[in-house]
Amino acid sequence: MAAIIAQLDASSTSYRCTYDVFLSFRGEDTRKGFTDHLYRELELAGIHTFRDDDGIERGANIASELQKAIQESRASIIVFSKDYASSRWCLDELVKIMKRRKTDCRHMVMPVFYDVDPSHVRKQTGSFAQAFARHEERFKEEMDKVVEWRRALRDVAAVGGMVLGHLYESQFIQNIVEDIGNKLDHRATEMIAPYVVGIDKRVQGINMWLKDGSNDVSVAVIYGMGGIGKTTIAKAAYNQNFHRFQGCSYIADVRATSEQPNGLAFLQRKLLSDIQKGKKKKIYSMGEQMSKIKHAVCCKTVLIVLDDVDQSDQFNAILGRREWFHPGSKIIVTTRHESLLNDHEVYAMFKVRGLGEYESLELFSWHAFKQVRPVKDYIKLTRSVVQHCQGLPLALQVLGSSLVGKSVEVWESALQKLNVIPIEKIQKILRISFDSLQDDHDRSLFLHIVSFFVGKKIDYTITVLDNLRFYTRIGIQNLVDRCLVDIDEDNKLVIHQLLIDMGRGIIREESHEDPGKRSRVLQNDASDILRKLTGTKTIKGLMLNLPSKTMFNTSNKKRYHVDDYHEKVSRRRLGFFSWKSITFLPTNSASESNEVDFKTEAFTRMHNLELLLLNNVKVSGGYKDFPKNLRWISWRVFPLKSIPADLYLENLVGLDLRNSRLHHLWQGPRKLVLKDCTNLVLIDESIADLEKLIVLNLKDCKNLTKLPTRFSMLTSLQQLILSGCSKLVFRPNAAAGVWKKLNISTATLSQSMWLWRLWILPRKNLVTARSLSVANWPNGLVSLSLADCNLPEIPSGLSILSSLKHLNLSRNPILSLPENLNDLITLQTLVIEGCTMVRTLPELPPSLRKLHASYCTSLEKITNLPNMFRSLDSSFWKCKNLVEVQSLFHIKPLRRVDIEMIRNMGLFNLESVGSTEVEMTNYLTCTTRKGPIQGLYECGIFSVFLHGNKIPDRFPYRSLGNSTFSIIVPSHLNLKVRGLNACVVYSRCPFWFSSSNFLKVSNETKGLKWTYCPVTAGLPRKNHDMLWLSHWLFGNDELEGGDEVHFSMNEEYSFWTKEFGIQLVYEQENEGKGVQSKSEEMTFQPNTTLSSPVFVAGNVSASASKYQLWTGKFFICNHRSRIHQLHFSRTLEKPDYLNFSYLFKEDVPAKTMVPSTAMNVTPIPFPWTAPEFLLDPGFVMYAIPK
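For the sequence shown, the residue numbers in the UniProt record's numbering are 1 to 1186.
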C-alpha cells in the first residue's frame, strides 16, 4: 500500500486545465508590444490565456506558480525574439514546456518566430549563438543545464510554428489566434469530469486508430459494463482529435434520448446542426432529416461519437448508411452491448476494463480527500473501499464524494453498510444492463449465476444449468455481450463484485422481509431458513457451505471446499434405474461434518427446488417428503452411512458426493463424481447396466482396489479419472475401445505384462520403472496425461497412438523428448511445463496448436515452432536458458560471434567489453539475467546491447528523442546499398516494467515498411544509458539511390529514447567491396562483412516473408506472434476487412529531409506502442471485431 501511495505523488495522471494557453516570452523584448496585442486578441477570442505578469500573485513562489500554470494549460505559445536565449528564466520555462509535451500528448506547443529566423533557434546561431557563448562561460559548472537548453530549442524548432516574415503584425496575430483557436475549438470540446485518472493509456489505442490515415469509413466500438468509463474515454478521444476532421459531432445519451417522444428525430437534428456548424432548420420528417444528413456528411471528413447506444436500430436511424460518409470519416460508438453491430460493420473493438489498484486509490483520494493520496488516518479504510469497488470509476467517485469530510467512525459504519446494502445510485446505473436483457430467460440465468456459479468453470456451469432447463450457452454469450459476465483465461465465470451485489439485490426485492419467499437462497439466509423451517415453494436453488472441524486444523494439508469442483463434464439427459440401499463398512469420514444438525422437514415445503448445493451440512430425518423435483445435487462431505431408500431421485441428472463416507457404490446416475472418497473399496457390478454413463471420477479413492469385471460394457464412457488410486489394478485392454480420454495424472506407472498399476503421487523414496511400454495401450486414446509420474524418459513408441490429440508430460525428470514425436500427426496440444531437465525440443508435428513449456529452466533450443504465425498458442515463461529457436532467433556470447560481423558493427576492441556484464530481458520467456555481452541474430538482423550514452561519430543521420526523420538515399556510381547500421541511446523510466523498443524503417518510394522489436533487450542501470547497435542486411533492391526512407524509434512505457542514428552500408558491384557511409566519405571494407551467419535465414528481405502482414508491410516481433495470428484468422474470414496499419503509421509525417550533417527532425507527439490487448490489462484493444 505504501509503495502504491509513493507512486501516486510522482505520477499523477489526473487531467485538469485552468487555462487554454500558457504564453511564454521575453518581457524586455515584446511585453508591451507584440505579446500584449497577442494576449488581448486571444482573450477576446475566448481563449483563456496565462501570462506571468498578471497571472501570479505578489509574494508567491514564482517558479512553482509558473510550473503549475504550464501543467494546467492545454497549450503553450512560445514567442521567440532575438534576445530570448539571453534569459535563463525563459530557457528554463521552455524546458518545462517541452517536458510537459513529452509526458502529456494532449499538450499542444506552438512556437512563434517573431523577428527571428527559425534556423537560428534550431542551430543556435546568430543572436542565439552569442547568448549561449555567454551561458557556457557563466555556467561552466552546470554544463548539463546548457545542453538541456540546446536540446529544448532543437526540439521546439522542429515542431513547426508561425513565422512573422514579411507579414504585418496585426495579420500575423490574427493568423496565430485562428490557428490555436481551431486546434482548441471550444465549441466542439466535450466537458470531462474532474479528477480523471488513467485516461492516457486507455485512449491511446483509439488515438492511433483515429490517426491511421485510412480512407475507409471506419466504425469503432468502445464497450464495457456500466460505470466503467466508456463515456469519459470517448470524450477524451474526441477532444484530442476532432480538429483533424472537417466536421464533428458528439451525440450524448443516445439510449435515454431515443426513448423519449421524437427522441431519434432530436438526435438527428443535433447531428445535422453540429456537422453544418450551427445552422439550424426545423425539420419534422425523419426521412427529410436523413436526406439532409446524407448530403452533409458526403462531402467532408467527419468524426462522430454516439454515446450509450443500446440498440443497432438507434445507430442506423441516426447515421443512415455508412457509404454516405466521405472517405476518411470515423464513427465511435460507446455501448454496454459487445455485439451491438455486425462484424462487417465494425473496424475496431475497444474493451474497457477497471482501473488498477493505485489508479483506483488515486481517483478515490481525489474525491474523498481532494488530493492525490489518502490522509494518514484513513489509509486502511481507503484500501477497504477501493477493494470493494474493484476498479469501477463510478463507484469510486460516488463513494469518495459521499465520504468527504466524514469522521473515521462514519467511514467504518458506511463500510459495514456497504457489505449489506449496495449504494442505490450505483445500482441504478448498473441495473440498466440487466433490464436491457432481451427476455426473462437471460435475466433468470444471470440471477442463477450470481447466486451459485461465480468463479466456476464454464463447462461445469453449462452442464448443471442445461439440466435445469436453461439454454445456457447462448444465454452466457448474451450476458458476455452485455458486459454482465466475463470469462477468464481459465474458463471460469468472472463477475464484478458490484454486479453480483446488484443481482443479489434484485433477488432480495422478491421478498425484503422473508428470505424463504425468494427464488434463490444462499449462506446466512439458507441457514436461517433451514433452522426456522420457513422455506416455501418459491425457492428454486439453495446453497449452504459450512466449515468443517478439519478445515481449521493446520496439520491437515487438504482443505475441502465447495469451490473445488473444476472437472469438465459432458452433458446428457440421464435415465435412472431403481435405487438400492448401500451397505457400508464401519469407518470415519474423510472430513468430519459440521456439528450443526438440520432437519429434513426444513425442505418439505420447497416443492420447486431443483438445485441443491451443500457442503459439510448434516441433515437428519426421513426423506419421504424431500423435494421431488431435484435435478442436481452437490453434497460435499455427505454425512450419512447409507442413501435412504425413500429418497425420490427419479428426476436427478447429476450427483456430486465427493469427500463422502461411501464404501460401496450402487447402480446410480451417469455422471458420478466420487473424488476423495478415501474409504470406497469396491464398485458394484451393476454399474455396467449404466449403458450411457459418460463421466466417472474416482480421483484419490486410495482404497479402491479394482473395477468391476463388466467394466468393458460401459460403451458410452468418455472420461475416466483414476489419478491417485494407489491400490487399483485394472486391465485397460478390456475397455480400450470405449475410452476417449484417459487421465492418469499424478500417478506413478509401472508396467507388468497386461496390467497397469497406478500409484499415488511420486515420493522421493519411491522407485519408478525406468521404461514404460505403450505397446498395449489403446490406439484410440485422444488425451493422455503422464504429468508428475517421475518418468526419466518418454517411450519412443508413442507414435503408435495415432488418435492422440493432447499429451501432458509436465513435471517429469526427462532429458529429452522422442525424436519421432513429429509422427503424432494428430497431436494438437503438448504440455511439458516444469520439465526442468529438458534441454532441447525435437521437431514438432505440423498439427500442433498448443505448446506449453513454462518453467523448463534448462531448455536451450527448440527445433521448430509449427504454426507460429498462424495459430500456435505457446508459452515459455521462465525458460531462462532458451537461446535458440531455429529459423527465428539465436542468442550467443559476443566472443562466439563471427569476427567479420563484429567489425561490421564497429566493435573492434573486444578486450574492452569482454568482461563487461549486461542485464538482459527476454520478452519471450519473461526472464531477466545478467551476464557477458550477447549477440542476437534475428531475421537477418544482428543486435548488440552495450552500456554507453553516445552514438559513434560514424553514424551521420541522427535524431533526438523518439522522433522520425527522412533521408534520400545517396546515389554512388558502382555502389549498391546492402544494409544499414542503427544505433539507439535509451534509458529506463522510473517505474520500469517489461516493455519493448521498436525501430521502424519505411521505404516510402517502394512502399516497403519494417517494424522490428528484438526478442531480447538490454536493461539500462538506474540513471545510466544503454546503446542498442543493430546491423540490417537487405536483399538486392530494398534500398536504392534516390529512395526516400523514413526512420523512427518508438518505445513503450518503460524506456526513454534519447537519440538514435542511422548509417548506410554499401557494396561495390564490380570489385565486391563493402563500404559504410560516413558523411561524404566512403570507407571500404571487405565484402565478407556483409555475409549473413548460417543460422540466420538469409537477409531481412528473405527472412521477413513470414512476418508480412500484407504486401510490403512486415512486423518483425517473435514474442508477439499473436498479432500475426489475429491477422491470419481474420483475413481468412474477411480478406478485405482487417487493417493493422497502425503498426507502421507515423503520427507526424517527416516533412524535412535530413542531410548527413543536419539534425532537423519532426518529433512524434504520440509514441507508438504495441496493441493494447497485449499490454494493458485495464484496456483491451482488438483491431477487428471479436
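For each residue, glycine too, the CB sits at the ideal point set by N, CA and C.
Only a predicted model underlies this, so the values are computations on that prediction, with no experimental measurement involved.
The stretch 112 to 128 and the stretch 89 to 101 do not touch, with fewer than 3 CB-CB distances between them shorter than 8 Å. R929 is bridged by DSSP to M920. A contact is defined here as three or more CB-CB pairs under 8 Å, and the stretch 850 to 865 meets this definition with respect to the stretch 881 to 889. No Cβ-Cβ contact shorter than 8 Å links G724 with K706. Taking 8 Å as the cut-off, the beta carbon of P374 is found closer than this to the beta carbon of T382. Look at Y378 here: in three-state DSSP terms it is helix. With 16 or more other CB atoms across the displayed protein chains lying within 10 angstroms of its CB, E362 is buried.
Secondary-structure assignment with DSSP links D873 through a beta bridge to K850. E843 and C1013 have their alpha carbons spaced roughly 26 Å apart. For Q311, the closest C-alpha among the options E259, K330, R321 is that of E259. An exposed status is given to L167, since fewer than 16 other beta-carbon atoms sit within 10 Å of its beta-carbon. Counting of Cβ neighbours within 10 angstroms places C299 among the exposed residues, the total staying below 16. By DSSP's assignment, F50 forms a beta bridge with F22. Burial is judged here by how many other beta carbons sit within 10 angstroms of a residue's own beta carbon; L815 has fewer than 16 and is exposed. As the crow flies, the alpha-carbon of L522 is around 34 Å from that of D308. A residue is called buried when at least 16 other Cβ atoms come within 10 angstroms of its Cβ; M143 does not meet this threshold and is exposed. One Cα belongs to V918, the other to M1026, and the distance between them is close to 10 Å.
Rounded to whole angstroms, the gap between the alpha carbons of I832 and G405 is 56 Å. By the Cβ test, the stretch 456 to 473 is in contact with the stretch 492 to 509, since at least three Cβ pairs between them sit closer than 8 Å. Boundaries of the beta strand (DSSP E) around H947: 941 to 947. DSSP, read as helix, strand or coil, puts N175 in helix.
Apart from sequence neighbours up to five positions away, the residues of its chain that approach S360 with a beta-carbon distance below 7 Å are V386, C389, G391, L396, ordered along the chain. Under the 10 Å beta carbon count, L672 is surrounded by 16 or more other beta carbons and is classified as buried. For the pair P708 and A602, the Cα-to-Cα distance works out to about 38 Å. As computed with DSSP, Y358 is found in no beta bridge at all. Classified as exposed, A193 has fewer than 16 neighbouring CB atoms from the shown chains inside 10 Å of its CB. Boundaries of the alpha helix (DSSP H) around Q397: 393 to 403. Assignment of N608 by DSSP, reduced to helix, strand and coil, places it in the coil class. With contacts defined as CB atoms closer than 8 Å, I474 and V485 fail to qualify as a contacting pair. Counting along the chain, Y957 sits inside the beta strand (DSSP E) bounded by residues 957 to 960. Excluding five sequence positions before and after G622, the CB atoms of its chain that fall closer than 8 Å to its own CB belong to T600, P644, D646, given in chain order. Annotation: the continuous beta strand (DSSP E) that includes M349 extends over 348 to 352. The alpha-carbon of L340 is positioned some 47 Å away from that of D1037. Residue pairing from DSSP places H890 in a beta bridge opposite E884, Y937.
Closest option to N949, judged by alpha-carbon separation, among C926, R988, E938, C939: R988. A direct Cα-to-Cα measurement between N616 and N524 gives close to 15 Å.
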